[in-house]
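According to UniProt numbering, the sequence shown holds residues 1 to 468 in order. Using N, Cα and C, we set each Cβ at its ideal position, and we do this for glycine too.
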Amino acid sequence: MKKSLFSKLVITFATIITLSFVITAAFLSYWFEGYYFEQRKTQLLNECEYIGVTAVKYLNGSLSYQRMEELLQSMGSYLYTDIWLADNYGIVYAVSSKGNSELIGKQILSEELRELRIGKSVEKRDGYSSVFKGPVHTYMVPILYKDVFRGSIIMHTSIGEIKEPLERFYEIIWASASLAIIISVIVIYYFSQKIIIKPLGKINHVADKISKGEVDKRVYVNSQDEIGDLANSFNLMAESLEKIEDNRRQFISNVSHEIRSPLTSIKGFIGGILDGVIPRENEKYYLSLAYDETQRLTRLVNDLLDLSAIEAGQLKLRIEEVNINEIIRITVIKYEQAIKNKKINVDVCLQYDDLYVIGDKDRLIQIVTNLIDNAIKYTNEGGSIEVMTRVKGDKVYVSVFNSGEKIKDEDLKQIWTRFYKADKARSSKISTGLGLSIVRSILTQLGEDVWVENKDNGVMFIFSLKKI
Ligand SMILES: Nc1ncnc2c1ncn2[C@@H]1O[C@H](COP(=O)(O)OP(=O)(O)O)[C@@H](O)[C@H]1O
Ligand SMILES: [Mg+2]
1 MKKSLFSKLV ITFATIITLS FVITAAFLSY WFEGYYFEQR KTQLLNECEY IGVTAVKYLN
61 GSLSYQRMEE LLQSMGSYLY TDIWLADNYG IVYAVSSKGN SELIGKQILS EELRELRIGK
121 SVEKRDGYSS VFKGPVHTYM VPILYKDVFR GSIIMHTSIG EIKEPLERFY EIIWASASLA
181 IIISVIVIYY FSQKIIIKPL GKINHVADKI SKGEVDKRVY VNSQDEIGDL ANSFNLMAES
241 LEKIEDNRRQ FISNVSHEIR SPLTSIKGFI GGILDGVIPR ENEKYYLSLA YDETQRLTRL
301 VNDLLDLSAI EAGQLKLRIE EVNINEIIRI TVIKYEQAIK NKKINVDVCL QYDDLYVIGD
361 KDRLIQIVTN LIDNAIKYTN EGGSIEVMTR VKGDKVYVSV FNSGEKIKDE DLKQIWTRFY
421 KADKARSSKI STGLGLSIVR SILTQLGEDV WVENKDNGVM FIFSLKKI
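Here you go:
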């Protein structure tokens, strides 16, 4: 069975309160019992002196038996005690209550006499069960007259009598414990509802909504405690969920868009050939166009796979010693044709012939290719490109500069996000907007940095690598 937070709190608090009351009551009653018995004893012993004097007077013949009996009776009822008087042989000769008069003339003390004779009092917890119904507490006090043992006073107080005030005491303790439990349950109910249960209910409700796809829902709890923190963290989580959801939608729409245009062209070209709209002699040309489009698709899919592998942390880098200068030279040569076509002036300025860095060769080629590809793509006809390597401390900085338009301020941050193209109209045919995000992802995984700077007459991309 699922227990509510409230019932758990109530059970815990009630247990704590009950336990503390039980412990307090046990200590108090232990102390109180001892104290009470002590008080009682002092009271009885105080009266003993007077009873002793009376008994001696009677024994000496200066007080009548009747007078002494009356005195004993009033003393007994005043002290709630049965008082017997015994002579120096332990034989009873007077009792305070008429009910016990059959004891008169009987010897009731034997071994206690030894103690009493030498002037010591005797205390007994339970005895005389034949005379009294319940348990009694008995004090025996010797009567000494001019240092001679003349008999003893025996006083019995029923334990029930003594315990009665204790019982009252227990009642009060239990009544206050129950009252405390009731009050604390009310207080706990009020506070747990206000502080914990209601806010948790709200969070729960919103979590339920979010799990059903309403990612724009938020929790409104403004308490300055852990629950408030929880609500804030929850909202942050909801926010990032919403962002992820937005990204996912955006991503799907971007990918579909990127795939649709080459597919449309391919379909158009092949369709034209199949139904004879394209003349036979041009078929080859259109097929080559379709081939270019499939290449574009392949590149797009490869880029996407790379990106998703990098982002999922599945891309394992093969770390080795790589000659970055060699990579730059090979890449520039690879683009020879494109450079000639656009009449670009390329300047390669490398420090040392060979410059070894730590990295993954294929990925470094990918980075340099992307940057040089961009430089060629975004420089103006007859523009210039400058590739440089510089060693500074244990770092190697590679920069790729191209003359041309600067990147607008509002685009500077965005160009690293996937599918982002600053000039949508111009670059739609030849770009995917994935290159720079791949560059950045790989370098991040290598623990390195990449950034862009606008120069007077162009743009410079710079990235760092670890020198060996
Ligand atoms: N050398 C550059 N000069 C000017 N703009 C650039 C340069 N390199 C990148 N950009 C801008 O950054 C955007 C993103 O680049 P990238 O991720 O490589 O995608 P793509 O090259 O496919 O457009 C480009 O669309 C372009 O607007
Ligand atoms: Mg690019």
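Euclidean distance between Cα positions of residue 495 and residue 138 | This structure cannot speak to residue 495, because the chain is shown only from 1 to 468.
What residue does the beta strand (DSSP E) around residue 396 start on, and which one ends it?
-> Residues 395-403.
Residue 111 - DSSP class collapsed to helix/strand/coil = Three-state result, residue 111: coil.
Would you say residue 100 and residue 131 are within 9 Å of each other, going by their C-beta atoms?
-> Yes, these two residues count as a Cβ contact at 9 Å.
For residue 275, does the count of other Cβ atoms within 10 angstroms reach 16, so buried, or fall short, so exposed?
-> Its Cβ having fewer than 16 others within 10 Å, residue 275 is exposed.
Closer than 6 Å by C-beta to residue 71: which residues in its own chain qualify, once you throw out the five before and the five after it? Chain order, please.
-> Cβ neighbours of residue 71 beyond the five flanking positions: 54.
Taking 9 Å as the cut-off, decide whether the C-beta atoms of residue 109 and residue 154 are in contact.
-> Remark: C-beta atoms of residue 109 and residue 154 approach each other more closely than 9 Å.
What residues in its chain sit with their C-beta under 7 Å from that of residue 122, if we drop five residues either side in the sequence?
-> The residues are 112, 115, 116 and 140.
Flag residue 230 as yes when its Cβ comes closer than 8 Å to any non-hydrogen atom of ligand 2, and as no otherwise.
-> Taken from the Cβ of residue 230, every heavy atom of ligand 2 lies 8 Å or farther away.
Does ligand 2 have even one heavy atom less than 8 Å from the beta-carbon of residue 373?
-> Distance from the C-beta of residue 373 to the nearest heavy atom of ligand 2 is below 8 Å.
Looking at the unbroken alpha helix (DSSP H) that takes in residue 262, where does it start and where does it end?
-> Here the alpha helix (DSSP H) through residue 262 covers 226-274.
Using a threshold of 8 Å, is the CB atom of residue 433 nearer than that to any non-hydrogen atom of ligand 3?
-> This structure does not include ligand 3; its bound ligands are ligand 1 and ligand 2.
Between which two residues does the beta strand (DSSP E) harbouring residue 451 extend?
-> Per DSSP, residue 451 is one residue of the beta strand (DSSP E) stretching across 450-455.
Decide if the region 75-87 is in contact with the region 178-192; the criterion is three or more beta carbon pairs, one per stretch, under 8 Å apart.
-> Touching, no.
Could you give the DSSP three-state label for residue 338: helix, strand or coil?
-> Residue 338: helix per DSSP, three-state reduction.
In angstroms with no decimal places, state the Cα-to-Cα distance between residue 143 and residue 57.
-> Distance between the alpha carbons of residue 143 and residue 57: 12 Å.
If you check the beta carbons only, do residue 367 and residue 463 fall under 9 Å apart?
-> In this structure, residue 367 places its C-beta atom within 9 Å of the C-beta atom of residue 463.
N- and C-terminal bounds of the alpha helix (DSSP H) containing residue 56 = Secondary structure note for residue 56: its alpha helix (DSSP H) is the uninterrupted segment 5-59.
For residue 294, does the three-state DSSP call read helix, strand or coil?
-> Helix.
What residues in its chain sit with their C-beta under 6 Å from that of residue 248, if we drop five residues either side in the sequence?
-> Result list for residue 248: empty, nothing under 6 Å.
Among 95, 79, 185 and 102, which one has its Cα closest to the Cα of residue 8?
-> Per the Cα distances, 185.
Name, in chain order, the residues that DSSP records as bridge partners for residue 463.
-> In the DSSP output, where bridge partners are listed per residue, residue 463 has 398 and 450.
Can you find a heavy atom of ligand 1 that lies under 8 Å from the Cβ of residue 379?
-> Under cutoff, so the answer is yes.
Mind checking who residue 156 pairs with in its DSSP beta bridge?
-> Under DSSP, residue 156 forms a beta bridge with 82 and 138.
Would you kindly work out how many angstroms separate the C-alpha atoms of residue 97 and residue 30, rounded to a whole number?
-> Those two C-alpha atoms are separated by around 32 Å.
Run the proximity test for residue 423: is its beta-carbon closer than 8 Å to any non-hydrogen atom belonging to ligand 1?
-> Yes, ligand 1 has a heavy atom inside 8 Å of this Cβ.
Would you say the beta carbon of residue 404 comes nearer than 8 Å to a heavy atom of ligand 1?
-> Residue 404: yes, Cβ under 8 Å from ligand 1.
Taking the Cβ atom as the reference point for each residue, do residue 446 and residue 467 lie within a distance shorter than 9 Å?
-> In this structure, residue 446 keeps its C-beta atom at 9 Å or more from the C-beta atom of residue 467.
Measuring alpha carbon to alpha carbon, tell me which of 331, 133 and 342 ends up nearest residue 382.
-> Checking every option, the nearest Cα to that of residue 382 belongs to 342.
Span of the beta strand (DSSP E), counted from its first residue to its last, around residue 218 = Boundaries for residue 218: no beta strand (DSSP E) harbours it, and the DSSP string shows neither H nor E there.
Inspect the beta-carbon positions of residue 364 and residue 310 and report whether they are closer than 9 Å.
-> No. Outside cutoff.
Any non-hydrogen atom of ligand 2 closer than 8 Å to residue 436 Cβ = The closest heavy atom of ligand 2 lies less than 8 Å from the beta carbon of residue 436.
Paired residues, beta bridge with residue 123 - DSSP = In DSSP, residue 123 forms a bridge with 139.
The region 321-340 in contact with the region 286-297 per 3-pair CB rule at 8 Å = As far as the Cβ criterion goes, the region 321-340 does not touch the region 286-297, which means the pair count is below three.
So what does DSSP say about residue 353, is it helix, strand or coil?
-> The answer is coil: DSSP assigns residue 353 none of H, G, I, E or B.
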